[in-house]
Amino acid sequence: GLAAAAQDLRAHLAGGGALKRGPLRSAAQRQAEPLLATVTVDGAAPTTPELLDIVHTELMVRITCRELQYVWEAAGISFPADLPPAERVARFVRAHARLARIGEAMRAVDSTRRLLDRGGFGIALAHPVQWHTYAAALRTALEGLGVNRATADLDALRDSIGPAEPGDPPELAAAVAAIDARDAAAYGRAL
């Protein structure tokens, strides 16, 4: 195809070959004639290795986009084919990133399932509804764990202050009372 022709002509020119007219043209040049006749880079025919690199890259991007389009459509996902290559590539990149996140989530589900099975918990996670139910229960348990940790932290704070003794500043007694009452605003005022 044209990409191979561009690559071959680029190699020919980079190796010291030159473009010629008539029957003296190299095989690489003859193979690339359709490309030289129709393609331009910033208005110039691609007659240098650098310009042929640009053409080759552009053609490879287009070929890759066409192949990605085919594979995604085979998976039931379609993308507009008439967009500029940069926009098509950006869409494929975003779709691939979403697919990677789904893969990470599936690996996490499988890992969770194995841990639960190893622990002897018969929790089914084969259906999205089952997973949602499990995730909601886990979220509730984690929130409870967070509350328990916060309570332990407050108890440790109160214990580190100790009971207010006669002669202690009134702010200290107010801070202890605020901790016991779980009143953050009063604790802030006591400080």
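Quick note on the numbering used here: the sequence shown kicks off at 1339 and runs consecutively. Cβ coordinates follow ideal geometry from the N, Cα and C atoms, glycine included. No experiment lies behind these values; they were computed from the predicted model shown.
Between the alpha carbons of A1375 and A1383 lies a distance of about 8 angstroms. When beta bridges are read from the DSSP output, A1382 appears opposite V1379. The C-alpha of R1520 is placed about 12 angstroms away from the C-alpha of D1491. Between the stretch 1396-1415 and the stretch 1362-1370, the count of C-beta pairs closer than 8 angstroms stays below three; the two stretches do not touch. In this structure, the beta-carbon distance from E1509 to A1523 does not fall below 8 angstroms.
Taking the CA atoms as reference points, G1500 sits about 41 angstroms from G1457.
By the 16-neighbour rule on beta-carbons within 10 angstroms, H1394 is buried. When only Cα atoms are considered, E1405 and S1416 end up about 12 angstroms apart. Of all alpha-carbon atoms in M1444, T1385, A1512 and P1423, the one lying nearest the alpha-carbon of A1349 is that of T1385. DSSP places F1430 inside the alpha helix (DSSP H), whose first and last residues are P1423 to R1456. Taking 8 angstroms as the cut-off, the beta carbon of L1373 is found closer than this to the beta carbon of A1343. Counting the other CB atoms within 10 Å of its CB gives A1516 a total of 16 or more, which places it among the buried residues. In chain order, H1394, L1397, M1398 and I1401 place their CB closer than 7 angstroms to the CB of A1341, counting only its own chain and leaving out the 5 sequence neighbours on each side. Contact annotation, D1346 with A1370: C-beta distance approximately 7 angstroms; criterion of less than 8 angstroms satisfied. Runs of the alpha helix (DSSP H) lying entirely within the stretch 1346-1410 and spanning at least 4 residues, in chain order: 1365-1369 and 1371-1376. Taking C-beta atoms under 8 angstroms as the contact rule, L1463 and T1450 qualify, at a distance of about 7 angstroms. Here A1352 has P1387 as same chain residues with Cβ atoms under 7 angstroms from its own Cβ, once five neighbours each way along the sequence are excluded. Only exposed fits R1445, as fewer than 16 other CB atoms lie within 10 angstroms of its CB.
By the neighbour-count definition (other C-beta atoms within 10 Å, threshold 16), V1514 is a buried residue.
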